[in-house]
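When we follow the numbering used here, the leftmost residue of the sequence shown carries the number 1, and every step to the right adds one.
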Amino acid sequence: MKWGTSAGPEILHARARLLGRIRDFFATLGVLEVETPIASQAAASDPALASLRTRWSGADARPQTLYLQTSPELPMKRLLAAGSGPIFQLCKVFRDGERGRLHHPEFSLLEWYRPHLGYRALMAEVADLVRHALARPDLAVRYIAYRELFRTHLGFDPLHVDEETLRQAAAVIPGCHQLDLDRDSQLDLLLTHRIEPRLEPDRMTFVYDYPPSQAALARIRPDAEPVAERFELHLGGMELANGFQELTDPDEQRRRFEAERQERSARGLEQHPMDERFLAALAAGMPETAGVALGVDRLLMIATGRTHIDQVLAFPVERA
């Protein structure tokens, strides 16, 4: 039986240095480090996410299902509503069914929230954090709108492309014909498999203003052509971070949760308890906020030149 580590001592030291540099960055900005529960009575409703679960005997000895967090987002937003001010968290998150070169069911996430800051300003702060964490002050950056990204690399507008053009663009991806994908899933597949490999690996690329159907928990800007005020950071041939101008409307948030629950039902997926405490916090009033989540293990891969997530983990799940 294999008992040894997947990552050698040099990686363990590199991880420690990286975490130290991240904390140093936020200490300089005066952003508070917080901790929130890993196990919750509520779980993600996003159909693309599957929660791991555990059982708690309960104070009255009655077993209760608890869900391991897929993100600390909702409890951190409850802290914002309670008046915490700017906050960050380094934590473990858990997602069932995820395994591969860049995916692991347990991984390290950095998440932070900046009240009264716009998402475009947050992109610049993310770039500063990455430069500081990697000790690469001259790392270049590019900003490009989602629509322009598709026009540049695939020659069509993703908001108005017809189904046949979309199907043909995806048909060259190996195994794509075996997948039953909706429109947004096809666009995401094209982004990860056809566009991302063309991005410069040694330059940060921020893709921003996504289709409203891909808003997640982002605010939608009601332009003549509405867009979700969301961004992703790509570096080293991978998605590194995902950020939003956060939705603060509790009624709209409930509608989105309900739509996700309906989608889960249509797909035959398990329903999870809705986070009513989070919705109550929004109703009480959360300040206008920009927030972002960044994959720490992927950042460590970039820092150390590793190509598989297992190479930066002490013990991957198969050896845990």
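Cβ atoms here follow ideal geometry from the backbone N, Cα and C, with glycine treated the same way. For clarity, every value in this text was computed on a predicted model and none was experimentally measured.
Query: Run through the stretch 171-251 for me and flag every whole alpha helix (DSSP H) of 4 or more residues, listed as ranges in chain order.; Result: 183-190
Query: Which residues in the same chain have their Cβ closer than 8 Å to the Cβ of A133, if we skip the five residues on either side of it in sequence?; Result: L18, R21, I22, F25, L299, A303
Query: By Cβ distance below 7 Å, which residues in the same chain neighbour F257 in space, the five residues on each side in sequence not counted?; Result: S45, M274
Query: Buried or exposed: where does E232 fall if 16 or more other Cβ atoms within 10 Å of its Cβ makes it buried?; Result: buried
Query: According to the Cβ coordinates, are A86 and E288 closer than 8 Å?; Result: Note that residue 86 is Pro in the sequence shown, not Ala. Going by C-beta atoms, P86 is not nearer than 8 Å to E288.
Query: What are the uninterrupted segments assigned as alpha helix (DSSP H) that are 4 or more residues long and contained completely in the stretch 24-109, given in chain order?; Result: 73-81
Query: Kindly confirm or deny that the stretch 230-246 and the stretch 215-222 touch, where touching means at least three C-beta pairs closer than 8 Å.; Result: yes
Query: By DSSP, does P115 sit in helix, in strand, or in coil?; Result: strand
Query: Once DSSP output is grouped into helix, strand and coil, what is the label at R142?; Result: strand
Query: Comparing alpha-carbon positions, which option in H153, Y67, A140 lies nearest R40?; Result: The sequence shown places Ser at residue 40, not Arg. If we check each option's Cα against that of S40, Y67 comes out closest.
Query: What number of angstroms, rounded off, separates the C-alpha of P212 from the C-alpha of H13?; Result: 42 Å
Query: Does the stretch 183-195 come into contact with the stretch 145-161, if we say contact requires no fewer than three beta-carbon pairs (one atom in each stretch) closer than 8 Å?; Result: yes
Query: Helix, strand or coil, according to DSSP, for A290 in the structure here?; Result: strand
Query: I'd like to know whether the C-beta atoms of L110 and L90 end up nearer to each other than 8 Å.; Result: yes
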